[in-house]
Amino acid sequence: MNEHTTRTNPLRRYVRPGMLPTIFCAGCGGGTVLNCFCRAVDELGLDPQLMAMVTGIGCSSWIPSPYFLADTLHTTHGRAIAFATGVRVMSPPQRKVVVIAGDGDASGIGGNHLIHAARRNVDLTVFMVNNSIYGMTGGQVAPTTPPDVTTSTTPYGNIEPPFDVSSLVAAAGATYVARWTTYHVFDLVKAMKAALTHVGFSFVEIVSQCTTSYGKAVGKRTAAEFLADYKERSVRLSAAQKMSAEELEGRLVVGTLKHVPDAPEFCSRLQAMTDRVSGEGER
Amino acid sequence: MTRQRVPYLSRNDGQTAFLMGDEASALGALYAGCDFFGGYPITPASEVAEVMARELPRTGGYYVQFEDELASISAVVGAAWAGARSMTATSGPGFSLMQETVGYAAMTETPCVIVDVQRSGPSTGQATKPAQGDVMQARWGTHGDHEIIAISPWSVQESFDLMIEAFRLAEAYRTPVIFLSDGAVGHFREPLVFPRAGDASLVAPRPRASEGQPVFGGQPVPPMAQIGDRRNVHITGSTHRPSGIRDVNSKPVHEELVLRLVDKIAGAREQLTRLDVRHMDGARSGGASPECGAERATRDPARVVVVSFGVTARPALGAVEAARRAGHPVGFIRLVGIWPFPGPRLRQLLADVDCVLVPEMSLGQINRELERFVQCPVHALPKIGGVAHTVDEILGPLMARLQGRR
């Protein structure tokens, strides 16, 4: 049983001891996201003890909580970005405050906080793991579910159009927005590093497979089927810009969708105001 | 705690100001060391946010207005874990929206203060008018087994003083504290006398866990950790072990956690009992006002007692003192601490009285809780519609009860 020679993955030091194996379903993209995140942190040389992880409710919230070894605030459904804003305001600027959330958590129940945090350009890094479904609760339709997909709460097919969450967040004022999939692991690590180092509201949409709940809805049972589909359907932004709307139908546009490096950030403006008025003036 | 706070506030030392209750609660929070306020406008609580927006930056703290009450309470809890003395202020509808996170704060033992300046409901009701209909919302608004601390001021001075107490209790019991004001107390103006800003007793200590010491167990109120303490603190609203790590499938783990969270507050009911008791044992019991010295004033122990809180306690005291001046043995009890309910002490105080009258600006919430503890009849004296009871509206029924008490 145990005769195999084992080598410890060097990224294991970023994982909270005693927590593996993860509770993720076989083939879930959550492990890939955790792996890429650890790699990004490692390649940037960040000290996880100077980071704060904030999550909400859903499978994706379990990626850092409890697996990533750092201060972790695992909050209520939809509110992670709001909790994280409180942490951000009270934290020194060098602390990385990172939210990992699902598509339902971030763009459904928490959509208001998502767009307002983007509008403020508050220095948070948000990784939204988009599996197109409410997976933890067993596969109900989400704001990101494509049309016509049959889920447990759209038994006759989804009649609603989905959100393009990256475009929404970019339009709301986020200053770094990228979209990749769990197929594009090297690009994803690069985007995570860019998001983590960006000062301002950074958002990476990670299209990820849910083999259990979404797989059931679309007839894909293995991670390999999903990853082959992502490879097939994805088109880089530079190529997409030369394509017509019809040609882009059903395609996943991946790449850095928006990057404004030096936009005014919320907490630095708040601090500047506080410095300006503190201790001066009569009541 | 910011360096600018004390020098800035100390300019008020020894001063008297003429302020609204809402303004006084905001200033009380500054004296208590509040350095984060998550705001969202709502009548009749907006003045708390407005004063904090103006004053917090001057003391080195941070005011952030959020997109809704869900965000403001969430940020308040997040800020607390990053080291803030944090608070928010709202009214009934906003308080309803906050309830899920009140439960999260209770479960994660996050010290914070939530001001609820009660207004007339249900729903939008009479949005600009006072009421006292959130007593049970404060207690049971969030789901599941839990205890909560709620305290209620009846004056501008007390809005200030009790706010300092609210922050002290939040730290001492590591719990959200509900500051249950009302639209009348929040909006009327009275003099406020400031304490000395540098008085260290105004800012409650926050004990921090040493290395290896559990943050979520091991003693009734464990010491807090803070994000950045390099101890990889894991904070979750799920059932968790003393280490903070989630364990949702174990009956003993859940029982140990929830029973401790309940016991740390319910078990301190005696220390948390705050009553303003007057005229109960006849003669000159605590706080008798000068008018009670009139010729016919009775010195007999109270036979009928008015129990009230918040703005309603003001006409209630007026009615009790008028009745005593006319020679009637009536008493007055004001609940300052609402939750945990001071039932055992009330049972003692009311053991020998004929009946209790409970005026409230609702169809009756405190009266029902009181009934669970006392032997004598409890008569509700509800008033809704947005205007507080007059003295006569309490004196009339009080006299009727006195006449009918045999």
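Quick mapping for you: the protein sequence lines, in order, are chains Y and R. Add 140 to the 1-based position in the first sequence for my numbering, that's all there is to it. For the second sequence, counting from 1, position 157 maps to 140 in my numbering; every step adds exactly one. The beta-carbon is built from N, C-alpha and C at its ideal position, and this holds for glycine as well.
query	result
Limits of the alpha helix (DSSP H) - the one that Ala383(R) falls within	374 to 386
Under 7 Å from the C-beta of Val232(R): neighbouring residues of chain Y	According to the sequence provided, residue 232(R) is Asn. The question's Val does not apply to it. Under the 7 Å cutoff, chain Y gives no residues; its nearest Cβ is about 12 Å from Asn232(R).
Chain Y contact for Tyr87(R) (CB, 8 Å cutoff)	yes
C-alpha gap between Leu388(Y) and Ser374(Y), whole angstroms	10 Å
Any C-beta of chain Y under 8 Å from that of Arg189(R)	no
Enclosing beta strand (DSSP E) for Arg330(R) [first to last residue]	Counting along the chain, Arg330(R) falls outside any beta strand (DSSP E), though it belongs to the alpha helix (DSSP H) covering 326 to 332.
Length of the line joining the Cα atoms of Gly392(R) and Arg122(R)	No information on residue 392(R) is available, as it lies outside the stretch -16 to 389 that chain R covers here.
First through last residue of the beta strand (DSSP E) which encompasses Arg394(R)	Past the boundaries of the shown model lies residue 394(R); chain R is included only from -16 to 389, so the question cannot be answered.
Same chain only: Cβ atoms within 8 Å of Arg191(R), ignoring 5 sequence neighbours per side	Pro206, Met207, Ala208, Gln209, Asp212
Any C-beta of chain R under 8 Å from that of Ala314(Y)	no
Pick from Thr(-1)(R), Asp99(R), Arg41(R), Ile25(R) that is closest to Phe19(R), judged by C-alpha positions	Arg41(R)
For Phe199(R), three-class secondary structure by DSSP	coil
Whole alpha helix (DSSP H) elements within the stretch 147 to 184 of chain R, 4-residue minimum	166 to 170
Three-pair Cβ contact test at 8 Å for the stretch 291 to 301 of chain Y versus the stretch 245 to 262 of chain Y	no
Backbone secondary structure at Ala266(R) - three-state DSSP	In this prediction, Ala266(R) has a pLDDT of 48, which is less than 50 and means its spatial position is unreliable; what the coordinates show is noted afterwards. In this structure, Ala266(R) counts as coil in the three-state DSSP scheme.
Proximal residues, the stretch 207 to 239 of chain R versus chain Y, C-beta separation under 9 Å	Ala208, Gln209, Ile210, Gly211, Asp212, Arg213, Arg214, Asn215, Val216, His217, Ile218, Thr219, Gly220, Ser221, Gly227, Ile228, Arg229
Short CB-CB distance (under 8 Å) between Thr396(Y) and chain R	no
At least three beta-carbon pairs within less than 8 Å, the stretch 283 to 293 of chain Y to the stretch 229 to 239 of chain Y	no
Limits of the unbroken beta strand (DSSP E) element including His399(Y)	392 to 399
Residue-chain proximity (Gly21(R), chain Y), Cβ-Cβ < 8 Å	yes
For Leu13(R) and Thr111(R), the rounded distance between their alpha carbons	26 Å
Expected contact under 8 Å - CB spacing of Ala28(R) and Ala72(R) to nearest Å	5 Å
Whole alpha helix (DSSP H) elements within the stretch 47 to 117 of chain R, 4-residue minimum	52 to 64, 75 to 91
Close beta carbons around Pro197(R), own chain, < 7 Å, minus the five adjacent residues each side	Pro205, Pro225, Ser226
Test: Ala371(R) CB closer than 8 Å to a CB of chain Y	no
Residue-chain proximity (Phe66(R), chain Y), Cβ-Cβ < 8 Å	A small correction: the amino acid at residue 66(R) is Gly; Phe does not occupy that position in the sequence shown. Interface residue, yes.
Nearest-angstrom beta carbon gap, Ser348(Y) and Val269(Y) [assumed within contact, 8 Å]	5 Å
Any chain R beta carbon closer than 8 Å to Gln189(Y)	yes
Cross-strand partners of Met332(Y) (DSSP beta bridge)	Bridge partners of Met332(Y): none, in fact.
Cβ contact (3+ pairs, closer than 8 Å) linking the stretch 120 to 139 of chain R and the stretch 403 to 414 of chain Y	no
For Pro188(Y) and Ala210(Y), believed in contact at Cβ under 8 Å, the rounded distance	4 Å
Euclidean distance between Cα positions of Pro76(R) and Thr26(R)	10 Å
Own chain, CB closer than 7 Å to Gly269(R), minus 5 neighbours either side, in chain order	Residue placement at Gly269(R) is flagged as unreliable, the pLDDT there being 43, under the threshold of 50; a coordinate-derived value is accordingly withheld.
Option in Glu50(R), Arg307(R), Val341(R), Pro327(R) with minimal Cα separation from His253(Y)	Glu50(R)
Chain Y contact residues for Val59(R), given Cβ-Cβ distances below 7 Å	Gly226
Per-residue DSSP class, three states only, for Thr215(Y)	coil
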